[in-house]
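K.L.:
Residue numbers (this note's numbering): 644 to 853.
Listed below in C-alpha cells is the structure:
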C-alpha cells in the first residue's frame with residue numbers, strides 16, 4: 644500500500660465503524676496505563692502516543708493529571724474522534740496527523756520521556772517501514788526515556804483490519820530496538836475483543852540507555 648492508500652484505509656476504518664466495536668478497542672487501556680503509573684514519570688514530561696487512533700489512554704492520562712501528551716496518528720478522522728470525545732481537555736494535548744514511516748511534523752517535536760505504541764509496529768511489515776519507525780524513535784526518545792510497545796505475540800493474529808501483520812516476541816523486539824534500549828519488563832496479555840474473540844499480545848517496556 645502507498646502512503647495515500649494507508650491514510651484512506653485508516654480514515655475509512657474510523658468513519659465507517661463504531662469505535663467501540665473496532666478489533667483493538669479498549670474501554671480502559673489497563674496494561675499501558677499500569678506501566679506508565681509504575682514509571683512515576685514527571686507529570687509535565689512529554690509522552691508521545693504513536694498511532695493513537697481513538698485510544699482511551701489519553702482520557703486516562705488526563706485524569707491522572709499528565710499535562711504534556713502528544714497524540715499522533717496517520718488518520719485525521721481518528722484524531723477528530725478523540726478531540727470530540729475529550730472535549731475541553733483537548734487543548735491539553737498536542738495533536739499530530741503524520742505517518743511514522745514518512746514523518747514530517749513528528750521530526751520537529753522535542754525529545755520525549757515516553758514513546759507508547761499499542762498495535763502499531765505490527766502493521767509495519769516492510770523493512771523500510773520498520774527502519775523509519777526505529778529512526779524516528781531514536782531521534783525522539785531521550786536517553787533515560789522509556790518505550791512501551793505492545794504488539795501481536797508470536798501466536799497472535801496474522802491479519803488485522805484486513806492488513807497483514809508481523810508478530811513479535813520480547814526477544815525479537817529487543818533485537819529490533821538494538822543495544823541502545825534495555826528491556827526492563829515484558830509480559831503476555833490476552834486481549835478480549837469487542838466481538839468476544841481473544842488476541843494474544845506481548846507487552847514490553849524498554850529504557851533508552853545510549
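Where is the CB? At the ideal position from N, CA and C, for every residue including glycine.
1. How do the region 706-720 and the region 731-744 stand: do at least 3 beta-carbon pairs fall below 8 Å, yes or no?
2. Quick check: the region 655-662 against the region 677-691, are at least 3 beta-carbon pairs closer than 8 Å?
3. Would you tell me roughly how many angstroms separate the C-alpha atoms of residue 732 and residue 808, rounded to the nearest one?
4. For residue 842 and residue 667, what's the separation of their Cα atoms in angstroms?
5. DSSP three-state label for residue 667, please.
6. What does a CB cutoff of less than 8 Å around residue 742 pick up in its chain, not counting 5 residues either side in sequence?
7. Tell me which residues share the same chain as residue 829 and place their Cβ nearer than 6 Å to its Cβ, disregarding the 5 neighbours each side in the sequence.
8. Tell me whether the beta-carbon of residue 755 lies closer than 9 Å to the beta-carbon of residue 689.
P.N.:
To lay it out plainly:
1. The count of Cβ pairs closer than 8 Å, one atom from the region 706-720 and one from the region 731-744, reaches three, so the stretches are in contact.
2. Flag = no, the region 677-691 and the region 655-662 do not touch.
3. Rounded to whole angstroms, the gap between the alpha carbons of residue 732 and residue 808 is 34 Å.
4. Between residue 842 and residue 667, the alpha-carbon positions lie close to 9 Å from each other.
5. The answer is coil: DSSP assigns residue 667 none of H, G, I, E or B.
6. When the five nearest sequence neighbours on each side are left out, the beta carbons in the same chain lying within less than 8 Å of the beta carbon of residue 742 are those of 646, 649, 650 and 717, in order along the chain.
7. Excluding sequence neighbours, residue 829 sits near 813 and 847.
8. In this structure, residue 755 sits near residue 689, with a CB-CB distance shorter than 9 Å.
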